[in-house]
Structure formats: structure tokens, C-alpha cells
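The listed protein sequences correspond, in order, to chains W and E.
273 is the number of the first residue of the first sequence in our numbering; add one for each residue after it.
192 is the number of the first residue of the second sequence in our numbering; add one for each residue after it.
Worksheet: the structure to be examined is printed underneath.
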Amino acid sequence: MAYTPELKKLIKIVEKTRPERVEKKKRGEEFKAMSLKEREDILKYHPDFKEEGRSEIKVGPNRGYRIAEEMVSLLHAKSRVDPALIDLSNPDYETDVLIIGGGGAGTAAALMAREQKVKVLIATKLRHGDANTMMAEGGIQAAIKNEKDSPYYHYLDALGGGHFKNDPGLVYTLVNEAPEVMAWLEKLGAMFTKYDDGRLKALHGGGTSRKRMHYAGDITGAEIMRTIRDEARNYPNDIKVLEFSPAVELILNDKGACAGAVLYNLETEEYIIVKAKATVMSTGGSGRLHIQEFMTTNHYGATGDGLIMGYRAGVPIKFLHTVQYHPTGVVFPEQAEGLLITEKFRAAGANVLNIDGEQFVYEREPRDVEASTFIRECTVRKKGIPTPTGMFGVWLDSPMIDLLKGEGTVRREFPGKWILFHRYGIDITREPMLVYPTLHYQNGGLEINNKGETVVPGFIVGGEVSGGLHGENRLMGNSLLDVMVYGRIAGLTAANYAKKKFKDGKMTLGHVAKYHKALKDAGVKVGNRIAPMILPDYSNPEVREKQLTTRYLGTLR
Amino acid sequence: MSKNAVKEKKTSKKTKTKKEELVPIFIMGKKYEVPPSLTIQKAMEYAGYQLVRGCGCRGGICGACGTVYRFPNSYRIEVGLACQTVVEPNMYITQIPFFPANKATYNIEKLEPTGSTVMALYPEIFKCVGCGTCTRSCPMDIDVMEYISLAIRGDIAGAAELSFDCVMCGLCAARCPAEEAQYNIGILTRRLYGRHIASKAKHLEKAVKAVKNTQVEKGLKKLMKMDLTSLRKVYNEREIEPDMAEEFWEPEDKKYIVVE
């Protein structure tokens, strides 16, 4: 899986242009950044703008909204289980706060709720910590260097990245809570990369005006997730975790509030009823829907489950017409396809190059702009680098970083990627990486206010599954910040609701039956479509032909 | 978008693989023929397994897919992450998606960053016989035995740094004859380091206090109400910290900078 002879030849071209490009970088000469108008123009190459990939939602609060057909197909599907079969009279678990999703936002919510002395139950689809948070790499933004930065500039950067469509209140809260979040993480013992005197190191991200991307090597998300998960595990009596038990439906009560959820034990196939005073939805993203058949950076369980359950309960969705494609996903070797190559490489000085070894874009444009230029360079200008599998990519010149910042920088600052490529026989300190846009982040989602509340009382949402904060495009480093800020807020809001606002009622799944009826009335041909999806279908058709007596419900056996 | 930009998400959707191109692997002793370019994880799916346990991020960082394997005519036990390891002919594979391991509970605030702390919470660390099985069982190439011995010696910073790449897959704990859960000891040392040894970021405290500074608040509230044209103008005119600027660069416009 090391580079083929053909690719090694093309790498020689990169090596030829490298010395001059390094000198240019040292002089502070960058490829010209785009104006706002140029940014808008290039976006027509962005996959979001392909009308053919969209379809119209026919039911619910956002009827008429045209979004990715993969998402609509799930919104136009039936519940996994006939609600009439479920006995709600005898819940299997009762708790104060039910948290659906054990990633960064869910775990942060659990820690904050627990501090408010409420009982917490986390229901997670896979292992606790198996989430997109674990995979995030580059950094977490926070305006914490007062001599040169403040939440004002952080706000401005986020708005610009989001095409000025972000919900102002959500961004305001995000940037103001950021310093507290960093202090909290430091106190929990997260090993952020620091100078010797303790000052946090920081880099630029795409679209930032100040270097405020703080990081822990190149595995910032993993470091944060490991730390907060360990802390959650220190309270086994207060925070219970049910692994391999995804939620499949929200339960409401006769007062219209959220009363808990139906879980599905992936191993025993039982449906489990959880009664909760407050419910937090933190199910993360939807990369495994492979929108427009793109490869994805997301973890196995990222199938947008929370969107479906929330929408069925009447929560509107926002900004799902845009999906974020991370510009630099691995394209060689094939075995690592789609994996995230952090923006931090570009922040550290690596150029992006076409087949001629030349730059064609300013490396720090916001992600949607950056991704669009890569797509144009390969598909329109035909200056991409061909791989043995027929895909095209562009070079990310990582060896430059050691030349700019000193030998050993890449191994020290990017240990995760160094070892990943090393296993495949590629030394990224000597050879550039081959990258292409990969499906990465769900910019939008369920609508919340800056307390994480939705239109359904007792139903609180935080993290990637929510919408409005990032507008139409998220900036690097604002997602780890989002899950920490809004995860914590969700925990506090849920705890407060459980203690002070909760009123018991009769549990019901009537909203699901209503949703099914609405689908029927709207003339939607549901067929045997089931949602939430829970896990993507990676089955082998040759095997399925021989599975004569197996029943698949949606994608699950 | 041209076909070139898009990749089939399922390797099995490719042109039906010719028999000659397949290689044999043994999943828990059962033989399956799979394409030679697949990772163990994708090979299991190709063979017909629907992964529930033993599959997480599919990107080498979450630790869900710890796998052990051997080859015929060799006693050596090899390890890898199923999502990152490419199959080789005649691999004898099993996954170890879970292993019961001891995790101590503690209040990180109240702990001292010393060897005694580690030993009090994980006394089994004394049973270490120095066999090095943990190091040989690590799919992330970490010298596990070394960081355990650093922890015993009280070099918490050393243990923290050496264990940093740990994905907590649990293969070390599964094979350790002293019944240690090295990865839980590792995270303890890392949190002790981060909390009690690493220098505190003094600017953080200042930054927390500076939130809701009146001037910045005024600026933010103004931005929140601004019309789109004015907002774009302010955005375009904002000063950008140069990429190669030194750490103590300061902007010219300090209107919304909280100066002490």
C-alpha cells in the first residue's frame, strides 16, 4: 500500500517545487485568499448545490424543505417497531435524565447533570465514547488570549464561516462559554499542547482571524473524549451507561412533554422502555448515510438517528440543506479511504497542490469553499492526481511542515496520522498525502435555543444533531466547542427541568402513529423503509443471496 | 459531479471479484475467501458478518476493534486494529471487543501526582513481572511495559507522555498475566499530569473573568443585530493574525480587546 511507482513519479514533481514554496511561506506570501463574492461563486461546485441529490420532505414541521434524499428517505420511513406492540405501563428503567448518545455532548451533559444531583442514564448505540468526538483531530476554538482576541472576533469568524445565517443567540452563547469550557477541561486533566510556562498553543483554522485553535497533538477529540469518559466512569452510581442500546423512538406523555425513550438492545433484540423526567438527545451526525455516495470521516454509528426521532416528535430541523464535506479526506491508500486528515496540517503550513505541484487555492478558506476548489481542480480543470482505484485527489504537502517548523514537528504534532500512514508504508514526513473531500459534518439539525431547549418540553438537544449554531457551514474547532458548550448546557437544562419543571403524565407513542398516518395522507410510498437506520448496510450482496431465512429490518439482521 | 469524484461506499458493489483474486483467511477458525486489499474489518463484512461489537470509528482511534491473529506454522501472536490492518493470506483471526478490566474510581482533584497514588488505586501494578506481553499486544506501538514501570517509579509525566497514543482497546489487559488494566492506569497518569503537573494556563483564568466585559458585550450585541451588508463589511475588514506571526502578536485595532 505504499505509493505506486506512478505516484512516486508524481511526488518528484512536488519535491521539485517544494523549496521555493517553503521560501514563499517563510516570507509570509500566501496564495491569494478569496473575496466573499469569489467564495460564493466557487460554491456552485459544492455537492450541496446538486439539485438532483435532493428531495422534498412531505410531512411534519418542515414540509416542503428540500434536503439530501438520503435524509428524506429516512424521514419518510416507518418506526422500527409498531407502537401498538409496546407496553408503556411498566418501564424497565426510571431515571431523572436520560441521555441518548454517549459522545462528547452526551458525556458532558451527564457530568453537569450529575453535579446538580440528579440521576443520569446514558443510552449509547456502541461503546461509550464511540462517537465522532473521538475522531475529531485538529482542535477546539476558544478566545482565551486576551491580548489579541476576544469573543467578539470569534463570533465574527463563526458568522462568516456560516454564511451569516447562524442563529446569533446560539453563537453568542458558544463564544462566551468557550473560556469556561477550556478551564473545565484543563481542570479535568486534559493534556492540551502547551508552552513550557503553561500557555496553550494555538493555530489558525479555516476562516479564523486569530489563532485560537487549541489542540492535544493531532487527537484533540480523543483526548477530550477519553478524559470526560474517564470522569463519567468515576461515578458509576450516579451515571449509568447502557451500551449497545440505541434509542429508536422518543416517548411523549399526555401533556405533550418528552417522557423518555424506547431503546433497542442490539444484542438481545429486546425493546426497553426508559421513563425519564428529562431527555437529552446527543446522537451526533449522519456521515454513514453516505450522501451522494461520498466516503465519510464519521464513525460507524453516525446514521442521523436523533434527527428522525426528534422530527417525529415535532421538532423542526434547520440548515440540513447543507452538509459539510471536509476538504482533506484520505484517498490513498484505499484501505484508509475517507478518513479525516486534520485541517491542522494546512494550519501548520502544508500546501495543497495539483498534479503540477502547484498551489491553486489559499489553504485556509472555510471548508465548503476549500472543498469546492478541490472538486473543481479535479473534475473541471482535470489537474487532479489519479489513484489506482480511479479516484482523484490533490496533494497535501506535509513534508513542508518539518522544513518550516523544524525536523520532528510532524511526528510530534501529528502522532495519530504518522502511525496510520506508517502502517501502510508511507512516511508523511517525507511524502505528501493524497486527499479529496469527504463527507464530514452535519451543519444543521434539530432546532434549539441557547439553553438547548426544543419546542417539546423536557426534550433537550445538544451537539452535532442540533441546528442553527453553525449556519450553513461550520468552522474548524467549533464542533468540539459545540459539544462541550451545548453538551454542558443540555445537562444543566435537563437537570433543572427534572428538578423543577417536570410533571408526571401518561406515557404515549401516539405521535408515532400520527406520523405514520401523516405519511399515508401525504401519499408517501414508505415501502419497507425503516428509521432510524441504526447501522449502515455494508453487507455483501453475494452473501445476502445465500441468506435464505434471514430477515432484515431496515439494515439490521 | 463526475464519477471520478465519487467512490462506491461498499467494496462489495465492485465488479464481482474473480475467484483467483481472493485469499483465504480464518475468522475464529472458519475459512473465508476475501479480496486481498481489504482490512480485517471489511473482510469480515465481505465474509458476511454484520458487525455490532468490534466496530467503532473505523478510523484507528476509538479502540473498539482490537484483534489478535496468527499465521500457520508460527506460534507468534500478532495484534492489530481490525479497521487498519490489511488481511494477509491464511491469517487466523479473532476480535476481542470486550475484556473485563479493573477501573478504580477517584476524585482527580484530591489526588497527588505520585507513584503512590497509582499504586493505591491499582495495587495489581505490583504484580508486574516485566514480561513485556503488554507492549507486544499494543496495536498502537506503545511501549506499555515502560509506561507502567515509569508509573511505578512515580514518573507520572513520563507515563502520561508515553501512553498518550493509547486508544484503550484493552488488548494489553486481556493478555496481562498480572491482571493489570494498563490502559486504565495510563489514563489515570495522563489526567494526573494534565491536572497536577503540567503548568496551568494562567491566561485561561483571565479569559474566564473577561467574559461579559462591557465593551465586548456591546460589540457582540451590535453584531447580533447588524444587517447583512454591514456585517459583511465588518467581516471583510477584520484584521487577520498572520500565519507566521509570533505568539505575542497584537492587533492594531484593540476596540474589542480586553486590556487589563
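Note that beta-carbon positions come from the ideal geometry of N, C-alpha and C, so glycine has one too.
I'd like to know whether the C-beta of isoleucine 231 of chain E is nearer than 8 Å to at least one C-beta of chain A.
No chain A is present in this structure, whose protein chains are W and E.
What three-state label does DSSP hand tryptophan 667 of chain W in the structure shown?
The residue you call residue 667 of chain W lines up with position 395 of the first sequence. Strand at tryptophan 667 of chain W.
At what residue ranges does the region 304-340 of chain E contain a whole run of the alpha helix (DSSP H), taking only runs of 4 or more?
Segments of the alpha helix (DSSP H) lying fully in the region 304-340 of chain E: 306-312, 324-327.
In angstroms, rounded to a whole number, what distance separates the CA positions of lysine 786 of chain W and valine 641 of chain W?
Within the first sequence, the letter at position 514 stands for residue 786 of chain W. Within the first sequence, the letter at position 369 stands for residue 641 of chain W. Using only the alpha carbons, I get a separation of about 41 Å.
With a cut-off of 8 Å, does the C-beta of glycine 401 of chain W fall near any C-beta of chain E?
Position 129 of the first sequence, counted from the start, is the residue given in the question as residue 401 of chain W. Yes, glycine 401 of chain W counts as interfacial toward chain E.
By alpha-carbon positions, which one of E/Ser340, E/Ser265, E/Leu312 ends up nearest to lysine 301 of chain E?
Taking the first residue of the second sequence as position 1, residue 301 of chain E is located at position 110. Residue E/Leu312 is the option with its Cα nearest to lysine 301 of chain E.
Can you tell me where the beta strand (DSSP E) holding serine 327 of chain W begins and where it ends?
Counting from 1 along the first sequence, the entry for residue 327 of chain W is found at position 55. Per DSSP, serine 327 of chain W belongs to the beta strand (DSSP E) from 326-328.
So, with DSSP's three-state summary, where would you put proline 280 of chain E?
Residue mapping note: residue 280 of chain E aligns to position 89 of the second sequence, counting from 1. Three-state result, proline 280 of chain E: coil.
Can a CB atom of chain W be found closer than 8 Å to the CB of phenylalanine 217 of chain E?
On the second sequence, position 26 is the one that residue 217 of chain E refers to. So, not an interface residue.
Against aspartate 838 of chain W, what residues of chain E qualify as contacts under a CB-to-CB distance less than 7 Å, listed in chain order?
With chain W represented from 273 up to 829, any question about residue 838 of chain W goes unanswered, as that position is not in the structure.
Find out if the Cβ-Cβ distance for the pair lysine 547 of chain W, lysine 775 of chain W is shorter than 8 Å.
Here residue 547 of chain W refers to the residue found at position 275 of the first sequence. Here residue 775 of chain W refers to the residue found at position 503 of the first sequence. No.
In chain order, what residues of the same chain have a beta carbon less than 6 Å from the beta carbon of alanine 196 of chain E, not counting five sequence neighbours either side?
Taking the first residue of the second sequence as 1, we reach residue 196 of chain E at position 5. Its pLDDT being 33, under 50, alanine 196 of chain E is placed unreliably by the model, and the measurement read from it follows with that caveat. Taken in chain order, the list of residues that qualify is empty.
As a quick exercise: from W/Asp510, W/Asn418, W/Ile523, W/Phe436, pick the residue whose alpha carbon is nearest that of lysine 393 of chain E.
For the purposes of this step, residue 393 of chain E is taken as the residue at position 202 of the second sequence. The shortest Cα separation from lysine 393 of chain E among W/Asp510, W/Asn418, W/Ile523, W/Phe436 belongs to W/Asn418.
Considering only the beta carbon of each residue, do tyrosine 297 of chain E and alanine 348 of chain E sit closer than 8 Å?
Residue 297 of chain E sits at position 106 when you count from the first residue of the second sequence. Residue 348 of chain E sits at position 157 when you count from the first residue of the second sequence. Against a cut-off of 8 Å, the Cβ pair of alanine 348 of chain E and tyrosine 297 of chain E comes out as no contact.
Give the DSSP-derived three-state secondary structure of lysine 391 of chain E in the structure shown.
What you label residue 391 of chain E is simply residue 200 of the second sequence in a count that begins at 1. Three-state DSSP puts lysine 391 of chain E in coil, outside helix and strand.
Using 8 Å for Cβ pairs, my map puts glutamine 564 of chain W next to phenylalanine 303 of chain W. What's the rounded Cβ distance?
By 1-based counting over the first sequence, the position of residue 564 of chain W is 292. By 1-based counting over the first sequence, the position of residue 303 of chain W is 31. Not a contact, Cβ separation roughly 28 Å.
How would you call leucine 419 of chain E, buried or exposed, if buried means at least 16 neighbouring beta carbons within 10 angstroms?
Mapped onto the second sequence, residue 419 of chain E falls at position 228. By the neighbour-count rule (16 or more Cβ atoms within 10 Å), leucine 419 of chain E is not buried but exposed.
Apart from the five residues on each side of it in sequence, which residues of its chain come closer than 6 Å, Cβ to Cβ, to leucine 538 of chain W?
Stepping through the first sequence from its first residue, residue 538 of chain W is reached at position 266. Counting only Cβ-Cβ distances below 6 Å, and skipping sequence neighbours, we find Phe516.
Check distances from the C-beta atoms of the region 383-400 of chain E to those of chain W and list, in chain order, the residues that come in under 9 Å.
Listed in sequence order: Leu383, Tyr384, Gly385, Arg386, His387, Ala389, Ser390, Lys391, Ala392, Lys393, His394, Leu395, Glu396, Lys397, Ala398, Val399, Lys400.
Let me check understanding here. Comparing Cα to Cα, which of E/Ala255, E/Pro330, E/Leu272, E/Cys319 lies closest to leucine 398 of chain W?
Sequence index remark: in the first sequence, residue 398 of chain W carries index 126 (1-based). Nearest C-alpha to leucine 398 of chain W: E/Ala255.
What does a CB cutoff of less than 7 Å around cysteine 166 of chain E pick up in its chain, not counting 5 residues either side in sequence?
Residue 166 of chain E lies beyond the residue range present for chain E, which begins at 192 and ends at 451; the question has no answer from this structure.
If you draw a straight line from the C-alpha of leucine 535 of chain W to the C-alpha of arginine 829 of chain W, how long is it?
Walking along the first sequence from the start, residue 535 of chain W turns up at place 263. Walking along the first sequence from the start, residue 829 of chain W turns up at place 557. For leucine 535 of chain W and arginine 829 of chain W, the distance between alpha carbons rounds to 17 Å.
Output yes if chain W places a C-beta closer than 8 Å to the C-beta of threonine 308 of chain E; else output no.
Within the second sequence, the letter at position 117 stands for residue 308 of chain E. No, threonine 308 of chain E lies away from the interface with chain W (no Cβ there is under 8 Å from its Cβ).
Taking the CB atoms as reference points, tell me whether threonine 827 of chain W and leucine 807 of chain W lie closer together than 8 Å.
Residue numbering aside, residue 827 of chain W sits at position 555 when the first sequence is read from its first letter. Residue numbering aside, residue 807 of chain W sits at position 535 when the first sequence is read from its first letter. Their beta carbons are under 8 Å apart, which means threonine 827 of chain W touches leucine 807 of chain W by this criterion.
DSSP has leucine 370 of chain W in a bridge; who is on the other side?
As a first step, residue 370 of chain W must be located in the first sequence, where it is residue number 98. Leucine 370 of chain W is bridged to W/Leu393, W/Thr551.
Check whether the region 388-397 of chain W touches the region 450-459 of chain W, counting contact only when three or more Cβ pairs, one atom from each stretch, lie closer than 8 Å.
Because the criterion of three Cβ pairs below 8 Å is not met, the region 388-397 of chain W and the region 450-459 of chain W do not touch.
For isoleucine 732 of chain W, which of helix, strand or coil comes out of DSSP?
As a first step, residue 732 of chain W is located in the first sequence; it is residue number 460 there, counting from the start. Three-state result, isoleucine 732 of chain W: strand.
Is asparagine 626 of chain W buried or exposed, if buried means 16 or more other CB atoms sit within 10 Å of its CB?
As a first step, residue 626 of chain W is located in the first sequence; it is residue number 354 there, counting from the start. So asparagine 626 of chain W counts as buried.
With 8 Å as the threshold, decide whether the Cβ of methionine 415 of chain E is near any Cβ in chain W.
Mapped onto the second sequence, residue 415 of chain E falls at position 224. Judged by the 8 Å Cβ criterion, methionine 415 of chain E is in contact with chain W.
Glycine 698 of chain W and aspartate 356 of chain E: beta carbons closer than 8 Å?
On the first sequence, position 426 is the one that residue 698 of chain W refers to. On the second sequence, position 165 is the one that residue 356 of chain E refers to. According to the sequence provided, residue 698 of chain W is isoleucine. The question's glycine does not apply to it. No; because the gap between Cβ atoms is not below 8 Å, this pair is not in contact.
Since tyrosine 425 of chain W meets chain E, which of its residues come closer than 8 Å, beta carbon to beta carbon?
In the first sequence, the residue the question calls residue 425 of chain W occupies position 153. Here the neighbours are Arg429, Tyr447.
Would you kindly work out how many angstroms separate the C-alpha atoms of aspartate 279 of chain W and glycine 680 of chain W, rounded to a whole number?
The residue given as residue 279 of chain W occupies position 7 in the first sequence. The residue given as residue 680 of chain W occupies position 408 in the first sequence. Rather than aspartate, the amino acid found at residue 279 of chain W in this sequence is leucine. Roughly 25 Å between the two C-alpha positions.
By Cβ distance, which residues of its chain are closer than 7 Å to aspartate 444 of chain E, with the 5 residues on each side in sequence left out?
Locating residue 444 of chain E in the second sequence gives position 253, where the first residue counts as 1. Counting only Cβ-Cβ distances below 7 Å, and skipping sequence neighbours, we find Glu430.
Reducing DSSP to helix, strand and coil, say where valine 286 of chain W ends up.
One-based indexing of the first sequence puts residue 286 of chain W at position 14. Helix, per DSSP.
Mind pulling the chain E residues with CB within less than 8 Å of glutamine 714 of chain W?
For the purposes of this step, residue 714 of chain W is identified with residue 442 of the first sequence, where counting begins at 1. In chain order: nothing, as chain E lies at least about 16 Å away.
For phenylalanine 591 of chain W, collect the residues of the same chain with a Cβ closer than 8 Å to its Cβ; drop the 5 residues on either side in sequence, then sort them by chain order.
Numbered from 1 along the first sequence, position 319 holds the residue referred to as residue 591 of chain W. Correct list, in chain order: Lys437, Asn715, Gly716, Gly717, Gly739, Gly740, His742, Gly743, Glu744.
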